[in-house]
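Taking our numbering, I'd label the letters of the sequence shown as residues 6 to 140. Glycine is no exception: its CB is placed at the ideal position from the N, C-alpha and C atoms. Notes follow the structure.
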Amino acid sequence: MATRYILDTHALIWHLEGNGLLGAQAKRIIGDPSSELVLPVIALAEAMFIVEKGRSAIPSVQDLLADVTSDKRIDIYPLTAGILEESSSLTVIPEIHDRLIVATGVYLQNLGEVVEVITKDNEITASSILPVCWS
6 MATRYILDTH
16 ALIWHLEGNG
26 LLGAQAKRII
36 GDPSSELVLP
46 VIALAEAMFI
56 VEKGRSAIPS
66 VQDLLADVTS
76 DKRIDIYPLT
86 AGILEESSSL
96 TVIPEIHDRL
106 IVATGVYLQN
116 LGEVVEVITK
126 DNEITASSIL
136 PVCWS
(Lines of atoms letter the chains of each structure in order from A and count residues from 1; the text may use other names and numbers.)
(Lines give C-alpha, C1' and ligand atoms only; values in the text may rest on other atoms or scores of the structure.)
Protein backbone atom coordinates (compact mmCIF):
# COMPACT_ATOMS: atom_id res chain seq x y z
CA MET A 1 0.00 0.00 0.00
CA ALA A 2 1.37 3.40 -0.99
CA THR A 3 1.96 6.04 1.64
CA ARG A 4 -0.46 8.93 1.58
CA TYR A 5 1.20 12.21 2.52
CA ILE A 6 -0.82 14.70 4.57
CA LEU A 7 0.08 18.27 3.57
CA ASP A 8 0.14 20.95 6.20
CA THR A 9 -0.55 24.55 5.29
CA HIS A 10 3.02 25.78 5.01
CA ALA A 11 4.15 22.75 3.03
CA LEU A 12 1.43 23.52 0.49
CA ILE A 13 2.16 27.24 0.28
CA TRP A 14 5.95 26.87 0.17
CA HIS A 15 5.65 24.20 -2.53
CA LEU A 16 3.42 26.39 -4.70
CA GLU A 17 5.69 29.40 -4.17
CA GLY A 18 8.86 27.42 -4.91
CA ASN A 19 10.04 28.70 -1.52
CA GLY A 20 13.45 27.51 -0.30
CA LEU A 21 11.99 27.02 3.18
CA LEU A 22 10.46 23.75 1.99
CA GLY A 23 12.57 20.89 3.35
CA ALA A 24 14.50 18.73 0.86
CA GLN A 25 12.59 15.55 1.73
CA ALA A 26 9.27 17.40 1.56
CA LYS A 27 10.24 18.91 -1.80
CA ARG A 28 11.20 15.49 -3.18
CA ILE A 29 7.93 13.88 -2.06
CA ILE A 30 5.67 16.71 -3.21
CA GLY A 31 7.53 16.91 -6.51
CA ASP A 32 7.21 13.18 -7.19
CA PRO A 33 4.46 12.64 -9.77
CA SER A 34 3.52 9.34 -8.13
CA SER A 35 3.04 10.75 -4.60
CA GLU A 36 -0.43 10.51 -3.13
CA LEU A 37 -1.11 13.83 -1.41
CA VAL A 38 -3.93 14.51 1.03
CA LEU A 39 -4.87 18.12 1.69
CA PRO A 40 -7.14 18.48 4.71
CA VAL A 41 -9.76 21.10 3.88
CA ILE A 42 -8.75 23.00 7.05
CA ALA A 43 -5.20 23.37 5.64
CA LEU A 44 -6.62 24.64 2.36
CA ALA A 45 -8.84 27.12 4.22
CA GLU A 46 -5.86 28.35 6.23
CA ALA A 47 -3.81 28.70 3.02
CA MET A 48 -6.63 30.71 1.44
CA PHE A 49 -6.61 33.04 4.44
CA ILE A 50 -2.82 33.50 4.25
CA VAL A 51 -3.02 34.32 0.52
CA GLU A 52 -6.00 36.63 1.05
CA LYS A 53 -4.04 38.58 3.67
CA GLY A 54 -1.09 39.00 1.28
CA ARG A 55 1.28 36.87 3.38
CA SER A 56 2.26 34.68 0.44
CA ALA A 57 3.81 35.10 -2.99
CA ILE A 58 0.76 33.35 -4.45
CA PRO A 59 -1.05 36.19 -6.27
CA SER A 60 -4.64 35.35 -5.36
CA VAL A 61 -6.94 32.84 -3.74
CA GLN A 62 -8.15 31.95 -7.23
CA ASP A 63 -4.57 31.11 -8.26
CA LEU A 64 -4.16 28.97 -5.14
CA LEU A 65 -7.36 27.07 -5.83
CA ALA A 66 -6.49 26.62 -9.51
CA ASP A 67 -3.07 25.19 -8.60
CA VAL A 68 -4.54 22.81 -6.04
CA THR A 69 -7.47 21.59 -8.09
CA SER A 70 -5.39 21.09 -11.24
CA ASP A 71 -3.00 18.73 -9.41
CA LYS A 72 -4.72 15.36 -9.71
CA ARG A 73 -2.47 13.88 -7.00
CA ILE A 74 -4.08 16.09 -4.37
CA ASP A 75 -7.08 14.71 -2.55
CA ILE A 76 -8.84 17.58 -0.76
CA TYR A 77 -10.10 15.75 2.30
CA PRO A 78 -13.26 16.98 4.02
CA LEU A 79 -13.60 17.77 7.70
CA THR A 80 -15.94 15.09 8.99
CA ALA A 81 -17.51 14.26 12.32
CA GLY A 82 -15.09 11.33 12.59
CA ILE A 83 -12.09 13.64 12.19
CA LEU A 84 -13.52 16.07 14.74
CA GLU A 85 -14.00 13.19 17.17
CA GLU A 86 -10.43 12.01 16.54
CA SER A 87 -9.11 15.52 17.21
CA SER A 88 -10.59 15.55 20.70
CA SER A 89 -7.88 13.15 21.87
CA LEU A 90 -5.01 15.13 20.31
CA THR A 91 -4.80 17.88 22.92
CA VAL A 92 -1.01 17.65 23.00
CA ILE A 93 -1.21 19.73 19.80
CA PRO A 94 -2.46 23.14 21.00
CA GLU A 95 -3.25 24.82 17.65
CA ILE A 96 -6.65 23.72 16.33
CA HIS A 97 -5.67 23.84 12.63
CA ASP A 98 -2.64 21.63 13.29
CA ARG A 99 -4.70 19.31 15.47
CA LEU A 100 -7.27 18.85 12.68
CA ILE A 101 -4.52 18.24 10.10
CA VAL A 102 -3.06 15.48 12.28
CA ALA A 103 -6.55 14.15 13.10
CA THR A 104 -7.15 13.74 9.36
CA GLY A 105 -4.04 11.56 9.16
CA VAL A 106 -5.02 9.54 12.23
CA TYR A 107 -8.50 9.05 10.81
CA LEU A 108 -7.07 7.73 7.54
CA GLN A 109 -4.60 5.55 9.45
CA ASN A 110 -7.49 4.04 11.39
CA LEU A 111 -9.07 3.19 8.03
CA GLY A 112 -5.95 1.17 7.19
CA GLU A 113 -4.05 3.81 5.23
CA VAL A 114 -0.30 4.33 5.60
CA VAL A 115 0.21 8.05 6.24
CA GLU A 116 2.94 10.57 6.99
CA VAL A 117 2.59 14.29 7.60
CA ILE A 118 4.63 16.75 5.55
CA THR A 119 5.29 19.49 8.06
CA LYS A 120 7.97 21.60 9.67
CA ASP A 121 5.75 22.26 12.69
CA ASN A 122 7.62 21.53 15.92
CA GLU A 123 4.52 20.65 17.93
CA ILE A 124 3.26 18.17 15.36
CA THR A 125 6.71 16.62 15.14
CA ALA A 126 7.18 16.50 18.93
CA SER A 127 3.79 14.87 19.42
CA SER A 128 5.02 11.71 17.60
CA ILE A 129 1.39 10.91 16.79
CA LEU A 130 2.21 10.28 13.13
CA PRO A 131 5.47 9.98 11.21
CA VAL A 132 6.67 13.31 9.87
CA CYS A 133 8.80 14.04 6.84
CA TRP A 134 10.48 17.34 6.12
CA SER A 135 14.27 17.75 6.07
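Please classify residue i as buried or exposed, where buried requires at least 16 other C-beta atoms within 10 Å of its C-beta.
| i | result |
| --- | --- |
| Arg60 | exposed |
| Arg3 | Given a span of 6 to 140 for the chain in the structure shown, any question on residue 3 remains unanswerable. |
| Ser133 | exposed |
| Asp13 | buried |
In this structure, how does DSSP classify residue i when only helix, strand and coil are distinguished?
| i | result |
| --- | --- |
| Asp80 | strand |
| Ile123 | strand |
| Val43 | strand |
| Ile98 | coil |
| Thr130 | helix |
| Thr63 | The sequence given here has Ile at residue 63, not Thr. Of the three classes helix, strand and coil, the one that applies to Ile63 here is coil, per DSSP. |
Who pairs with residue i in a beta bridge, going by DSSP?
| i | result |
| --- | --- |
| Tyr112 | According to DSSP, Tyr112 bridges with nothing at all. |
| Val137 | Val122 |
Hey, out of the options, whose CA is closest to residue i's CA?
| i | options | result |
| --- | --- | --- |
| Leu44 | Glu128, Ser132 and Leu70 | Leu70 |
| Leu83 | Tyr112, Leu27 and Cys138 | A small fix is needed here, since residue 83 is Pro in this sequence, not Leu. Nearest of Tyr112, Leu27 and Cys138 to Pro83, Cα basis: Tyr112. |
| Ser39 | Gly25, Ile79 and Leu26 | Ile79 |
| Ile101 | Ile11, Trp139 and Ile47 | Ile47 |
Ends of the alpha helix (DSSP H) at residue i?
| i | result |
| --- | --- |
| Thr74 | Val66 to Ser75 |
| Leu89 | Ala86 to Ser92 |
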